[in-house]
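These notes are about the structure you will find just below.
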């Protein structure tokens, strides 16, 4: 599983110490399922109660699971810990997680292309 170290500008203060080194990791399917479940709430509509997931809440719950640790604070971070982050650090973590996700997608696509190329080598040309 891919991991990336990110240096936060403001850091996460726990007690009297500020932790500035974050480690983020690629998501698992379980992380996504759990983030969606944590984001659901019952909304009363004309048709009766419905379970609805907030897209912004899904994003926060996904991000907090993607943070493996900040300093000696092990992830996933709680919502209370996430609220302590400075907006600059929150944006930095979002950006780095997006880059990591893109790198994982690119890696998977490259493997698929290479695999197809190997399969094509064994085929006779007309």
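Residue numbers (the working numbering): 280 to 405. Just so you know, even glycine gets a beta-carbon here, dropped at the ideal spot from N, CA and C.
Going by C-alpha positions, residue 373 is about 10 Å away from residue 366. No Cβ-Cβ contact shorter than 8 Å links residue 380 with residue 285.
When 283, 312 and 320 are compared, the shortest CA-CA separation from residue 302 is found for 283.
Contact check for residue 287 and residue 299: beta-carbon distance about 5 Å, within the 8 Å limit, so the pair qualifies. Assigned with DSSP and collapsed to three states, residue 289 falls in strand.
Residue 346 counts as buried, since no fewer than 16 other beta carbons sit within 10 angstroms of its beta carbon.
Residue 332 is a Cβ neighbour of residue 318, given a cutoff of 8 Å. In this structure, residue 328 sits near residue 321, with a CB-CB distance shorter than 8 Å. In this structure, the CA atom of residue 354 is about 27 Å from the CA atom of residue 330.
The C-beta distance from residue 368 to residue 341 rounds to 17 Å, too long to meet the 8 Å contact threshold.
In this structure, 291 is the residue among 315, 291 and 356 with its C-alpha nearest to the C-alpha of residue 364.
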